[in-house]
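Numbering (the numbering used here), first residue to last: 371 to 777.
The C-beta atom is built at its ideal place from N, Cα and C for all residues, glycine as well.
Take a look at the structure set out below.
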Amino acid sequence: MHKYLIRFDEICLKGGNRRYFEDILVKNIKAAANSIGKNRIEFLRDRIYLEFDLSIETTTIESLLKKIAGICDFSKITTCETDLDKIYELAKELTSGLKGTFKVEAKRNYKKFPIKSPEIARLVGSAVYVEDQLTVNLKNPDHKLYVHLYKDETLLYCKKTKGLGGLPVGSSGRLLSLISGGIDSPVASWNMFQRGCRVVFSHFHNHHEDEKDVKDKVMTLVQTLSYYQSYTKLYMIPFGELQRAIIGYVPSKMRMVSYRRMMFRIASIIRHKERCKGYITGDSVGQVASQTLDNLRAIHDVADYPVISPLIGKNKNEVMADARMIDTYETSIIPYADCCSFLLDPHPEQSINLEEIREIESQIPIVDVIRPCIENTEVIAFEMGKLVYQKNAGIKMPASFEERMKR
């Protein structure tokens, strides 16, 4: 069996709520592990063991574990009895063939074991040492051998692989992501996985702007992100007819902001249906005209719940590096027609007057132009990269929202 030791860090700071977070993490690991094959998971007070059949490639297992929020790091381990001779034998086996320098880090979790941790490290190091091939360097070794002693068994491993860290998905509630198809919004959504949020996705598309190509691109992005939270929904919202209605009321310099205000009005209905506690955007201050502080204020004015923008202070190079790491970059850079660019002035207004945009939009029959968008919304579900279903979302505009949407 392939056996892994999984560690968590931030969860350990949760005091009396710690068990709540641990249970969610174990549940998420089990759900992800089931997607690649038969496994066994064991949760002890300060560690999680995960075992897989030898027929499953270690690269597949480790790629999976790297995508589970809440895991600080993990190691492929080998175990033996808590007996020094057995530990020496296994240590030699694990380090055979290594060249350069090494260090042993020992941890005596079983305090009744008669030898303390520093001495265990010294003894194991002496057993592993090979003159002119594998020598000791305690400050900057080429290799490390970790030895953890427990009452019933001792764990040995040579490598720690970094995980996502943070909190397990689902421990902090749900958020609705307004995903555009560009580089930023997938990375922003991924950031919130690390904060324990389960993310529902929404995308606004224009019927007449290469619709199928755009939809396929966004579906691919969400499919990729579904590996980070298993079951994932994407709402595809037709926005073209509403845009054509706005054009008759809103000056071209102000349309970008007005489009986005309409998006938040529509998104509020999906947020309510999915019981989300806020919204995610990929905004970064000053990146484009709609993301100046004044324009962000005007856009967020219509949001009924908090708008979270994890990238707000990041530069583009930082975001691109994250996009490459999570495998969304190559999809995000495929050319597409963003529906927000439809019939805009080449020099959009960078400082919208909030009272002015409110006054202009008060002339628009907002409920009437939004209703077709809601009724023709499609929902697509993925689970660990696999399409589960694709159908009309069957959403009706709640009567309670009509008055608020007239703002």
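- Within the DSSP bridge table, the entry for V570 names L546 as partners.
- About 5 Å separates the beta carbon of T662 from that of Q720, a gap short enough to meet the 8 Å contact definition.
- With a contact defined as Cβ atoms closer than 8 Å, V494 and L519 miss out at about 10 Å.
- Between the alpha carbons of R667 and N746 lies a distance of about 29 Å.
- For N409, the enclosing beta strand (DSSP E) stretches over residues 409–414.
- From the listed residues A637, Y597, R635, the smallest Cα separation to T698 is found for Y597.
- Under a 10 Å Cβ-count criterion, Y390 is classified as exposed, with fewer than 16 other Cβ atoms of the shown protein chains found around its own Cβ.
- Going by beta carbons, G566 and S547 fall outside the 7 Å limit.
- The region 450–464 makes no contact with the region 411–418; the number of CB pairs closer than 8 Å stays below 3.
- In this structure, DSSP gives I678 an extended state, which the three-state scheme calls strand.
- Collapsing the DSSP output to three states places I750 in a strand.
- Residue pairing of G470 in beta bridges, as defined by DSSP: L504.
- Every alpha helix (DSSP H) of 4 residues or more that sits fully in the region 397–450 is shown, in chain order, as 428–435.
- In terms of Cα proximity to N665, the closest of R728, S405, E427 is R728.
- I381 and E392 do touch by the CB rule: their CB atoms are close to 6 Å apart, below 8 Å.
- For Y598, the three-state secondary structure derived from DSSP is helix.
- For Q613, there is no enclosing beta strand (DSSP E); the enclosing alpha helix (DSSP H) has its first and last residue at 610–617.
- Three or more pairs of CB atoms, one per stretch, sit closer than 8 Å, so the region 544–564 contacts the region 639–651.
- As the crow flies, the alpha-carbon of L591 is around 41 Å from that of V517.
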